[in-house]
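This note's numbering puts the first residue of the sequence shown at 11, with every later residue one more than the last. For each residue, glycine too, the CB sits at the ideal point set by N, CA and C. Inspection log for the structure reproduced underneath, given as structure tokens.
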Amino acid sequence: MTTLRPITGPDELDLFCQLRYQLDKELARDLAEGRRRPEWLWVALRGDHVVARIGWWTFRPGEAPYVMDFFDFDDSPDGIEVALKLFEAATAAVFPEGGTLPQYIRFTPPDWHDEPAARKVVTDRITALETTGARLLVERLRLEWLPERGVPSTPGRLSYRPVADRAELVGLMTQVLEGTLDAHSQAELKRLSPAEQAAQQYDEELLGYPSPREWWRVGVLGDGTPVGFVIPGRNSYNPIIAYIGVVPAHRGHGYIDELLAEGTRLLAAEGVPRIRAATDVGNVPMAKAFARAGYAVFERQVDMTWA
């Protein structure tokens with residue numbers, strides 16, 4: 011007999027972690043700080059053995075689930091079948107009013123395409139979730155800068171000032187969305203205008219970072235014309251380059267390197283042990299800019315959506 015249920019609380023984290031994934035180490039802190047709830051962490055049990063598990067995470071306490079980031083099953087002959095039954099039961103309970111489910115993300119080794127065991131882990135989950143109506147949206151590079159790599163130098167063509175106010179940054183973000191190579195932004199632009207999407211990202215994401223907004227920088231030419239912006243910050247886990255962009259009129263001149271160097275410099279001056287960032291595999295210009303600035307790929311991320 012298989013029992014499908016959420017964990018009862020932090021005392022059952024050891025049970026939830028019978029199956030292993032790299033985010034296990036963050037569960038206790040996430041529960042304590044409200045980014046997860048016991049009723050969002052479900053297991054499929056046979057006796058005391060966990061056959062499958064599923065879980066959701068959010069940015070801030072009190073908010074709805076933002077991503078599903080646990081979807082695991084053992085190597086039982088019916089492990090995937092049980093996982094899909096668990097998915098059905100858990101989503102019905104966590105989202106009783108239905109609607110579009112939040113995306114699924116899976117962190118992977120950087121070489122998962124070439125390593126058979128890692129490839130099986132990823133493709134098994136993709137294939138299983140496709141049967142529920144999910145589709146692969148994008149694969150992303152997760153990047154890391156370390157202090158020993160040094161702060162990148164630049165020609166110094168730009169000067170920098172803090173973001174003036176919400177209107178200025180939302181306006182620049184709106185411009186940056188023109189011709190964007192970011193898959194998530196492209197998907198959002200199918201239902202929102204650029205201005206609506208920029209405002210939503212400002213309010214729902216950027217304002218949620220606990221780091222000072224005084225870190226946010228606009229890069230300007232000698233006459234004061236804005237070229238782009240960089241948003242250094244901290245999330246709940248690491249210092250990050252949260253957002254960076256060059257407005258269309260000034261693309262193709264290497265300004266992205268200077269903006270990234272400024273964001274890196276600002277965070278490095280805080281004595282951080284690392285800086286994290288991410289970009290789509292298909293966003294080749296941005297990936298190359300990160301590489302030039304000394305950011306290395308330490309893992310990848312697969313994103314699926316039900317939208």
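Considering only their Cβ atoms, is the gap separating Val257 from Tyr212 smaller than 7 Å? Position 202 of the sequence shown, counted from the start, is the residue given in the question as residue 212. Position 247 of the sequence shown, counted from the start, is the residue given in the question as residue 257. For Tyr212 and Val257, no; Cβs fall outside 7 Å.
Using beta-carbon positions only, say whether Gly8 and Tyr265 come within less than 7 Å of one another. Within the shown structure, residues of the chain are numbered from 11 to 317, placing residue 8 beyond reach of any answer.
Same chain only: Cβ atoms within 7 Å of Asp82, ignoring 5 sequence neighbours per side: In the sequence shown, residue 82 corresponds to position 72, counting from 1. Closer than 7 Å at Cβ, skipping near neighbours: Leu29, Tyr31, Ala62, Arg63.
Please confirm whether Glu140 has its beta-carbon closer than 7 Å to some beta-carbon of chain B. The structure shown contains no chain B, having only a single protein chain.
Rounded separation between Trp226 and Thr110 - CA only: Here residue 226 refers to the residue found at position 216 of the sequence shown. Here residue 110 refers to the residue found at position 100 of the sequence shown. Spanning the two alpha carbons is a distance of roughly 32 Å.
Do Val307 and Leu153 have their beta-carbon atoms positioned less than 7 Å apart in this structure? Position 143 of the sequence shown, counting from 1, holds the residue named residue 153. Position 297 of the sequence shown, counting from 1, holds the residue named residue 307. Yes, the pair counts as a contact, with Cβ atoms nearer than the cut-off.
Of the listed residues Arg56, Phe80, Lys95, nearest to Val131 (C-alpha basis): In the sequence shown, counting from the first residue as 1, residue 131 sits at position 121. Nearest of Arg56, Phe80, Lys95 to Val131, Cα basis: Phe80.
Are there 16 or more other CB atoms within 10 angstroms of the CB of Asp192, so buried, or fewer, so exposed? Stepping through the sequence shown from its first residue, residue 192 is reached at position 182. With 16 or more other Cβ atoms within 10 Å, it is buried.
Can you tell me whether Tyr247 is buried or exposed? The criterion is at least 16 other CB atoms within 10 Å of its CB, across all chains shown. Taking the first residue of the sequence shown as position 1, residue 247 is located at position 237. Answer is exposed; the Cβ neighbour count stays below 16.
Cβ-based neighbour list, Val77, same chain, cut-off 6 Å, excluding 5 preceding and 5 following: Working through the sequence shown from its first residue, we reach residue 77 at position 67. Here the set comprises Trp67, Pro112, Gln113, Ile115.
Taking Tyr170 as the reference, give the member of Pro295, Ala208, Val230 with the closest Cα. Numbered from its first residue, the sequence shown carries residue 170 at position 160. Of the listed residues, the one whose Cα sits closest to Tyr170 is Val230.
How would you label Met11, buried or exposed, when you count the other beta carbons within 10 angstroms and need 16 or more for buried? For the purposes of this step, residue 11 is taken as the residue at position 1 of the sequence shown. Looking at its Cβ environment, which holds fewer than 16 other Cβ atoms inside 10 Å, Met11 is exposed.
Quick check on Gln210: buried or exposed, where buried means 16 or more other Cβ atoms within 10 Å of its Cβ? In the sequence shown, counting from the first residue as 1, residue 210 sits at position 200. By the 10 Å Cβ count, Gln210 comes out exposed.
Mind pulling the beta strand (DSSP E) runs of 3 or more residues that sit fully within the stretch 101-182? 113-118, 145-155, 169-172
If Pro48 and Pro75 are in contact, beta carbons under 8 Å, what's the gap, nearest whole angstrom? The sequence position of residue 48 within the sequence shown is 38, counting from 1. The sequence position of residue 75 within the sequence shown is 65, counting from 1. That pair is no contact at about 13 Å.
Do Leu96 and Asp313 count as a contact pair if the criterion is CB distance below 7 Å? By one-based count along the sequence shown, residue 313 stands at place 303. By one-based count along the sequence shown, residue 96 stands at place 86. No, Cβ-Cβ distance for Asp313 and Leu96 is not below 7 Å.
Note down the Cα distance separating Gly160 from Asp58, rounded to an integer number of angstroms. Counting from one through the sequence shown, the residue named residue 160 turns up at place 150. Counting from one through the sequence shown, the residue named residue 58 turns up at place 48. One C-alpha to the other measures close to 50 Å.
Is Pro249 closer than 7 Å to Val228 when the C-beta atoms are compared? Translated into positions along the sequence shown, residue 228 becomes position 218. Translated into positions along the sequence shown, residue 249 becomes position 239. In this structure, Pro249 does not lie closer than 7 Å to Val228 by Cβ.
Closest by CA to Asp290, which one among Ala128, Ser195, Arg275? In the sequence shown, the residue the question calls residue 290 occupies position 280. Closest option to Asp290, Cα to Cα, is Ser195.
With distances taken Cα to Cα, identify the nearest neighbour of Thr101 among Arg70, Leu277, Leu139, Thr133. Mapped onto the sequence shown, residue 101 falls at position 91. With distances taken between Cα atoms, Thr101 lies closest to Leu139.
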